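Line order of the protein sequences matches chains A and B.
Read in order, the letters of the first sequence correspond to residues 220 to 282 in our numbering.
Read in order, the letters of the second sequence correspond to residues 96 to 245 in our numbering.
Just so you know, even glycine gets a beta-carbon here, dropped at the ideal spot from N, CA and C.
All of these numbers come straight from a predicted model, not from anything done at the bench.
Here is the structure we will look at, set down as structure tokens.
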Amino acid sequence: MKNNLRVERAVKRITQQDLAEAVGVSRQTIYAIENGKFIPSTELALKLSAYFGKTVNELFSLS
Amino acid sequence: MNTNHHFLLLPHRFQTVGWILAGVSAAGLAGALLFVHAPFSANSFALIAYLLLLVGLFVVGFSREQVEDEFTMNLRSSSVLTALLVIFGLHLVYQLALFILPRILNPSQFAEIALTASRLTGFTAVFVLYLVLFKIRLARFTQKEGTHEE
């Protein structure tokens, strides 16, 4: 599973901590997702897509 | 975030209580083993300290992290699974050793080793290994994150 979280975060100029607080998870969780160590639940993926104003498919894709 | 999946955990503040209890009882246990010259089973101070140490570690292991979410729960689950697999493997070796060791060792040596081995392959060992694995994995992500922050 690949994701564009780091890119989208850079576009918005926000830190992992900012994003974590915005979607209600820990910084470790954002780090783990960005580095492909953890695949988020549907609920968290939807929260991330809502936060960035992108569809889930634009943020996440099968590798 | 939906918190239903960690309803069994104690509030985060219990971690501090657990670490203090574990630290004090570990010191007490060390003192009891060093200064009271009696076997562990007859050393009531050591036994109480050991039980309090387990309670302290139990409280730490089952208290929420500052931010408890699906990732920490995932780490907990994988740590429990790894601990179960490792200890089950040790348990198999232990069971095998029960057949072999009596042919090699004298009865008192065998009894001592069997008692130690049974402790290392029991529920307590599973729990302690879970706690160690979980804390190490969580710390690893915390450290890496700091160095990769953009």
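Can you give the beta carbon distance from residue i to residue j, rounded, assuming they're within the 8 Å contact cut?
i: histidine 107 of chain B; j: glutamate 160 of chain B; result: 7 Å
i: alanine 209 of chain B; j: leucine 193 of chain B; result: 7 Å
i: asparagine 223 of chain A; j: isoleucine 252 of chain A; result: Not confirmed; about 11 Å, so no contact.
i: histidine 148 of chain B; j: alanine 121 of chain B; result: In the sequence as displayed, the identity of residue 148 of chain B is leucine instead of histidine. Contact flag correct, Cβ pair sits at about 5 Å.
i: leucine 152 of chain B; j: valine 223 of chain B; result: 7 Å
i: threonine 189 of chain B; j: threonine 216 of chain B; result: The question names threonine, but residue 189 of chain B is tyrosine in the sequence shown. The Cβ separation is near 5 Å, so the contact holds.
i: serine 282 of chain A; j: methionine 220 of chain A; result: 6 Å
i: leucine 170 of chain B; j: leucine 105 of chain B; result: About 17 Å; that fails the 8 Å criterion.
i: phenylalanine 135 of chain B; j: alanine 141 of chain B; result: 6 Å
Do you know offhand how far residue i's Cα is from residue j's?
i: valine 175 of chain B; j: leucine 226 of chain B; result: 8 Å
i: valine 242 of chain A; j: valine 275 of chain A; result: 14 Å
i: serine 139 of chain B; j: leucine 124 of chain B; result: 10 Å
i: arginine 235 of chain B; j: valine 162 of chain B; result: 16 Å
i: arginine 228 of chain A; j: serine 280 of chain A; result: 17 Å
i: leucine 79 of chain B; j: glycine 118 of chain B; result: Residue 79 of chain B lies beyond the range of chain B shown here (96 to 245); nothing can be said about it.
i: phenylalanine 257 of chain A; j: serine 158 of chain B; result: 22 Å
i: glutamine 204 of chain B; j: leucine 196 of chain B; result: 9 Å
i: arginine 246 of chain A; j: glutamine 236 of chain A; result: 5 Å
i: leucine 278 of chain A; j: serine 268 of chain A; result: 7 Å
i: arginine 232 of chain A; j: threonine 111 of chain B; result: 35 Å
Looking at the C-beta of residue i, does it have a partner C-beta in chain B at a distance below 7 Å?
i: valine 244 of chain A; result: yes
i: serine 260 of chain A; result: yes
i: alanine 251 of chain A; result: yes
i: threonine 248 of chain A; result: yes
i: serine 271 of chain A; result: Looking at the sequence shown, residue 271 of chain A is not serine but phenylalanine. By this cut-off, phenylalanine 271 of chain A is not an interface position.
i: phenylalanine 279 of chain A; result: no
Quick check: is the beta carbon of residue i nearer than 7 Å to any beta carbon in chain A?
i: phenylalanine 229 of chain B; result: no
i: phenylalanine 166 of chain B; result: yes
i: arginine 232 of chain B; result: no
i: phenylalanine 236 of chain B; result: yes
i: valine 175 of chain B; result: no
i: valine 155 of chain B; result: no
i: valine 162 of chain B; result: yes
i: isoleucine 115 of chain B; result: no
My output table needs one value for residue i: the three-state DSSP class, helix, strand or coil.
i: arginine 256 of chain A; result: Reading the sequence as shown, one finds lysine at residue 256 of chain A and not arginine. Lysine 256 of chain A: coil per DSSP, three-state reduction.
i: asparagine 138 of chain B; result: coil
i: leucine 105 of chain B; result: strand
i: serine 245 of chain A; result: coil
i: threonine 177 of chain B; result: helix
i: aspartate 237 of chain A; result: helix
i: valine 131 of chain B; result: coil
i: glutamate 262 of chain A; result: helix
i: glycine 184 of chain B; result: helix
i: leucine 148 of chain B; result: helix
i: glutamate 163 of chain B; result: coil
i: lysine 231 of chain A; result: helix
i: threonine 274 of chain A; result: coil
Could you name the residues that DSSP lists as bridge partners for residue i?
i: lysine 230 of chain B; result: According to DSSP, which records beta bridges pairwise, lysine 230 of chain B is partnered with nothing at all.
i: lysine 221 of chain A; result: A/Ser280
i: serine 158 of chain B; result: B/Leu105
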